[in-house]
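Visitor: Sequential numbering from 1 applies to the sequence shown in our numbering.
For glycine and all other residues, C-beta sits at the position ideal for the given N, C-alpha and C.
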Amino acid sequence: MTVRTTSLLVAVVLSTAALPGCVTSPNWGDSPSSRRDAIDFTGMASRANAPLRVQAWNYTTSTFDTVRSFTGSATRLATSPDLYGWSTNTVVLPDRYWSPGGCESSGMANLRVLEVNTDGTTSELATFTEAGMDCVNDHLGEGDHPVVAGNACRYPEPRIVLTTPVQCPFPNLADITAPQLSIRLADPTRVWQATSGGSELTAAGITRTTTMTATARLRDAESTAAEVRLIADLNLQCRNAAGSTLLSPRGFVEPRTQAVVAGTRSQISLDATRGISISGLISACPSGTTFVRLDGAILADGRNGAGAFAASPVIRFTVL
1 MTVRTTSLLV
11 AVVLSTAALP
21 GCVTSPNWGD
31 SPSSRRDAID
41 FTGMASRANA
51 PLRVQAWNYT
61 TSTFDTVRSF
71 TGSATRLATS
81 PDLYGWSTNT
91 VVLPDRYWSP
101 GGCESSGMAN
111 LRVLEVNTDG
121 TTSELATFTE
131 AGMDCVNDHL
141 GEGDHPVVAG
151 NACRYPEPRI
161 VLTTPVQCPF
171 PNLADITAPQ
181 LSIRLADPTR
191 VWQATSGGSE
201 LTAAGITRTT
211 TMTATARLRD
221 AESTAAEVRL
231 IADLNLQCRN
241 AAGSTLLSPR
251 GFVEPRTQAV
261 VAGTRSQISL
271 DATRGISISG
281 LISACPSGTT
291 FVRLDGAILA
301 DGRNGAGAFA
311 ASPVIRFTVL
């Protein structure tokens, strides 16, 4: 998704105009390239370390679900009133948050961001269209007060509607260009991601109690996606009472496939996901042994409908 750069002045203006806060990105009407794109959110809150929630409309249950809870910054960017910046990145929305769900139709997501007040109630943060951002700049250029500019330009409802293109075109099986492939490893607060053609990464700071999610994603808008595999090489080392080290491989392969046929619509992307519990792996040490270390390597490979192959860089981690 294309994210417009918002200057600090404009961000402050928008927040002042839309107390207690606002969302400066994404904007109402933005278009991610697919439903699987990670979405970055930025904005302003009314107080330091404000609790915030990103919510998405669930088209299955007809309710707003919290898809991300986080805390704003303690850095004050403006006074009278006080304003504090916030951001949260790589929010991915499952299919239940997109409508219509049909493969041949564009998707639509309905989002909002809430600031949790000191009394436990919540306030919906103001939102803006791309034209609204331009409007703010125009008002400022004409000498209008920032509050006047913000009130004149914000979207009437505190919502963000995103749309995506059709996800299931007819595949071009003559296009043998390699697909785009990415590997992503995330814990509750951090994300490591590498794409085909990139460099190997190391995920540092993984502890014995960390729970992670690994995702392999293959995308090809022309030839569509035929197969993606999430591959984990997990080597568990345990020591017995005699002092000998035992090696216990605990790797896995998680595949996702679809049949790609000329003249039949196919999805342009496939995801393969698996949770990784470090404590669960450690508990796999045989009885009478103690845990020594865990070495992990996560990668992905796959092919598009035309048969072109791609592989991702490796993300490595070690737990001691």
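Assuming Ser330 and Thr42 form a contact by the criterion Cβ under 8 angstroms, report the distance between their Cβ atoms to the nearest whole angstrom.
Guide: Residue 330 falls outside the range modelled here, since the chain spans only 1 to 320, and no answer is possible.
Visitor: Short of 6 angstroms in beta carbon distance, which residues of its chain neighbour Ala241, apart from the five on each side in sequence? Order them along the chain.
Guide: Here residue 241 refers to the residue found at position 241 when the sequence shown is read from its first residue. Same-chain partners within the cutoff: there are none.
Visitor: DSSP puts Pro255 in a beta bridge; with which residues?
Guide: Translated into positions along the sequence shown, residue 255 becomes position 255. Paired residue(s): Arg229.
Visitor: Is Pro171 closer than 8 angstroms to Val260 when the C-beta atoms are compared?
Guide: Residue mapping note: residue 260 aligns to position 260 of the sequence shown, counting from 1. Residue mapping note: residue 171 aligns to position 171 of the sequence shown, counting from 1. Cβ atoms of Val260 and Pro171: closer than 8 angstroms.
Visitor: Gly302 lies in the beta strand (DSSP E); which residues open and close that run?
Guide: Translated into positions along the sequence shown, residue 302 becomes position 302. Gly302 -> beta strand (DSSP E) spans 289 to 304.
Visitor: Determine the contact status of Asn110 and Trp57, defining contact as a CB-CB distance below 8 angstroms.
Guide: On the sequence shown, residue 110 is found 110 positions in, with the first residue counted as 1. On the sequence shown, residue 57 is found 57 positions in, with the first residue counted as 1. It is a contact, given that the beta carbons lie within the stated cut-off.
Visitor: Would you call the region 285 to 302 and the region 180 to 190 touching, i.e. three or more CB-CB distances under 8 angstroms?
Guide: The region 285 to 302 vs the region 180 to 190: in contact.
Visitor: What residue ranges within the region 65 to 95 form continuous beta strand (DSSP E) runs of no fewer than 3 residues, ordered along the chain?
Guide: List check, beta strand (DSSP E) in window: 76 to 78, 83 to 91.
Visitor: Sorted by chain position, which residues of the same chain lie with C-beta nearer than 6 angstroms to Ser293's C-beta, five sequence neighbours on each side aside?
Guide: The residue labelled residue 293 in the question sits at position 293 within the sequence shown. The identity of residue 293 in the sequence shown is Arg, whereas the question assumes Ser. Cβ within range, chain order: Gln237, Leu320.
Visitor: Could you tell me if Val191 is buried or exposed, where buried requires 16 or more neighbouring beta carbons within 10 angstroms of its beta carbon?
Guide: Working through the sequence shown from its first residue, we reach residue 191 at position 191. Label assigned to Val191: exposed.
Visitor: Thinking Ser269 and Leu218 are a contact (beta carbons under 8 angstroms), I'd like their distance in whole angstroms, please.
Guide: The count along the sequence shown starts at 1 and reaches residue 269 at position 269. The count along the sequence shown starts at 1 and reaches residue 218 at position 218. That belief holds up - the Cβ atoms of Ser269 and Leu218 are roughly 7 angstroms apart, short of 8 angstroms.
Visitor: With distance defined between alpha-carbon atoms, name the residue in Gly243, Thr264, Pro26, Cys153 nearest to Pro169.
Guide: Translated into the one-based positions of the sequence shown, residue 169 becomes position 169. Nearest of Gly243, Thr264, Pro26, Cys153 to Pro169, Cα basis: Thr264.
Visitor: I'd like to know whether the C-beta atoms of Val92 and Ala38 end up nearer to each other than 8 angstroms.
Guide: As a first step, residue 92 must be located in the sequence shown, where it is residue number 92. As a first step, residue 38 must be located in the sequence shown, where it is residue number 38. Yes, the pair counts as a contact, with Cβ atoms nearer than the cut-off.
Visitor: Quick check: the Cα distance between Ser33 and Phe291, rounded to an integer number of angstroms?
Guide: Position 33 of the sequence shown, counting from 1, holds the residue named residue 33. Position 291 of the sequence shown, counting from 1, holds the residue named residue 291. Straight-line Cα distance between these residues: approximately 44 angstroms.
Visitor: Can you say whether Ser312 is buried or exposed, counting buried as having 16 or more other CB atoms within 10 angstroms of its CB?
Guide: What you label residue 312 is simply residue 312 of the sequence shown in a count that begins at 1. So Ser312 ends up on the buried side.
Visitor: Would you give the residue range spanned by the alpha helix (DSSP H) that Ser279 belongs to?
Guide: The sequence position of residue 279 within the sequence shown is 279, counting from 1. Run containing Ser279: 278 to 282, per the alpha helix (DSSP H) assignment.
Visitor: Going by DSSP in three states, Pro146 sits in which element: helix, strand or coil?
Guide: Here residue 146 corresponds to residue number 146 of the sequence shown, with the count starting at 1. Note that Pro146 has pLDDT 49, beneath the 50 cutoff, so the model's placement of it is unreliable and the number below is only indicative. The answer is helix: DSSP assigns Pro146 an H, G or I state.
Visitor: Can you check the region 131 to 192 for any alpha helix (DSSP H) of at least 4 residues that lies completely inside it and give the ranges in chain order?
Guide: List check, alpha helix (DSSP H) in window: 146 to 153.
Visitor: Roughly how many angstroms separate the alpha carbons of Thr24 and Ser99, rounded to a whole number?
Guide: For the purposes of this step, residue 24 is identified with residue 24 of the sequence shown, where counting begins at 1. For the purposes of this step, residue 99 is identified with residue 99 of the sequence shown, where counting begins at 1. Roughly 24 angstroms separates the two Cα atoms.
Visitor: If Thr163 sits next to Met108, beta carbons under 8 angstroms apart, how far is it from one beta carbon to the other, in whole angstroms?
Guide: As a first step, residue 163 must be located in the sequence shown, where it is residue number 163. As a first step, residue 108 must be located in the sequence shown, where it is residue number 108. That belief holds up - the Cβ atoms of Thr163 and Met108 are roughly 5 angstroms apart, short of 8 angstroms.
Visitor: Examine the Cβ distances between the region 277 to 289 and the region 239 to 255 and report whether three or more of them are shorter than 8 angstroms.
Guide: Taking 8 angstroms as the limit for Cβ pairs, the verdict is that the region 239 to 255 does touch the region 277 to 289.
Visitor: Alpha carbon to alpha carbon, how far is Ser244 from Pro51?
Guide: Walking along the sequence shown from the start, residue 244 turns up at place 244. Walking along the sequence shown from the start, residue 51 turns up at place 51. Taking the straight line from one Cα to the other gives about 49 angstroms.
Visitor: Pull up the distance between the alpha-carbon of Arg159 and that of Ala204, whole angstroms please.
Guide: Taking the first residue of the sequence shown as 1, we reach residue 159 at position 159. Taking the first residue of the sequence shown as 1, we reach residue 204 at position 204. Between Arg159 and Ala204, the C-alpha separation is close to 37 angstroms.
Visitor: Beta strand (DSSP E) containing Cys285: first to last residue?
Guide: By one-based count along the sequence shown, residue 285 stands at place 285. Looking at the DSSP string, Cys285 is not in any beta strand (DSSP E), and its letter there is neither H nor E.
Visitor: In chain order, what residues of the same chain lie with their CB nearer than 6 angstroms to the CB of Arg196, ignoring the 5 residues before and after it?
Guide: Within the sequence shown, the letter at position 196 stands for residue 196. Reading off the sequence shown, one finds Ser at residue 196, where the question assumed Arg. The residues are Leu181, Ala310, Ser312.
Visitor: When the Cα atoms are used, what is the spatial distance from Gly305 to Asp65?
Guide: Your numbering for residue 305 matches position 305 in the sequence shown. Your numbering for residue 65 matches position 65 in the sequence shown. Roughly 35 angstroms between the two C-alpha positions.
Visitor: Tell me the residue span of the beta strand (DSSP E) that contains Pro51.
Guide: Your numbering for residue 51 matches position 51 in the sequence shown. Where Pro51 is concerned, the enclosing beta strand (DSSP E) stretches over 51 to 58.
Visitor: Using only CA atoms, which one of Ile315, Gly307, Thr71 lies nearest to Met212?
Guide: Here residue 212 refers to the residue found at position 212 when the sequence shown is read from its first residue. Here the closest residue by C-alpha is Ile315.
Visitor: Can you tell me the Cα-Cα spacing of Glu254 and Ala232, whole angstroms?
Guide: Numbered from 1 along the sequence shown, position 254 holds the residue referred to as residue 254. Numbered from 1 along the sequence shown, position 232 holds the residue referred to as residue 232. So the two alpha carbons sit approximately 9 angstroms from each other.
Visitor: Following the continuous beta strand (DSSP E) through Asn110, name the residue where it begins and the one where it ends.
Guide: For the purposes of this step, residue 110 is taken as residue 110 along the sequence shown, with counting starting at 1. Taken as a continuous stretch (DSSP letters only), the beta strand (DSSP E) holding Asn110 covers 107 to 116.
Visitor: Assuming Thr257 and Ala214 make a contact with CB atoms under 8 angstroms, what is their CB distance in whole Å?
Guide: Taking the sequence shown and counting its residues from 1, one reaches residue 257 at position 257. Taking the sequence shown and counting its residues from 1, one reaches residue 214 at position 214. Not quite, the Cβ-Cβ distance comes to about 18 angstroms (not below 8 angstroms), so this is no contact.
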